[in-house]
Amino acid sequence: CRIYKVMNLNECEKYEQAIIYIENNLKDELDSKDKKVMEQKAFSLWGKKDYDICREFCQSNVSEFPFLNHYLGLCDYSEKKYDTALGFFNEAIKIDKKDFENVYRSFYYKGLSLDQLNDKDNAIKAFEDAYTINKKYLEAYWEIARIYQERNKFSDAEAILLKANSFILPEICIPFFID
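Using the working numbering, the first residue of the sequence shown is number -7, and each one after it goes up by one.
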């Protein structure tokens, strides 16, 4: 499927190529406002650091695709506008998880924004919400551990990292047998 090529380009941080591919090969899907194509274009524009163009694209489509609030938040977060970013992440979070499968990332960036605004307790809560939705979203655990470490709560930091390990170790440990 052609959308997977765009996703692949974005994962490899080839945002310009992703945008060109969307405009040249997915024009019909873009014109018909296919949700996946809209999301990938917003991600590509943000990744390319075309924040003004990303904002314009998202703002012109956000009423139809509320998940684009996430990308509006990313633009503001990237420009250190944490207060406004927080508002966009909160809007994205209101979306039903069926409509925006990556809502856990909005919780994560909400936590990062709150952390930058020195609201550490609510940042921890947002990170907890992120990993509650996606137990394997390690960045959320790491951020909580970092905040605990800043507060010299080393046993709490260790506990959250052990919790994270409980979700990833079974997948990365390969059993072996000794004869």
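Ideal Cβ placement from N, Cα and C applies to all residues, glycine included.
Since the model is a prediction, treat every value here as computed from it, not as a measurement.
On the premise that residue j lies in contact with residue i, defined as a C-beta separation below 8 Å, what is that separation, rounded to the nearest angstrom?
i	j	result
F80	N61	5 Å
I125	Y96	4 Å
S105	Y74	4 Å
A132	Y123	4 Å
K25	E56	6 Å
Drop a sphere of 10 angstroms on the beta-carbon of residue i, count the other beta-carbons inside from all chains shown, and report buried for 16 or more, exposed for fewer.
i	result
V(-2)	buried
S70	exposed
S98	buried
Y184	With the chain covering only -7 through 171, there is no way to say anything about residue 184.
I12	exposed
I170	Residue confidence for I170 is low, a pLDDT of 37 falling below 50, so the modelled location carries little weight; the figure read from the coordinates is stated next. I170 should be labelled exposed.
N157	exposed
D107	buried
Looking at the unbroken alpha helix (DSSP H) that takes in residue i, where does it start and where does it end?
i	result
K27	K27 to G39
F49	Y43 to N53
N126	Note, N126: premise wrong, no alpha helix (DSSP H); not H, not E.
R(-6)	R(-6) to E3
E21	K19 to D23
Quick one: grab the DSSP three-state call for residue i.
i	result
L78	helix
E93	coil
I164	Its pLDDT being 45, under 50, I164 is placed unreliably by the model, and nothing is read from it.
F57	coil
K6	coil
E71	coil
A157	Here residue 157 turns out to be Asn, not Ala, going by the sequence shown. Looking at N157 - three-state DSSP - the assignment turns out to be helix.
N144	coil
K86	coil
Output yes or no for whether 8 Å exceeds the beta carbon distance between residue i and residue j.
i	j	result
F49	K33	yes
F7	G39	In the sequence on display, residue 7 carries Tyr and not Phe. For Y7 and G39, yes; Cβs fall inside 8 Å.
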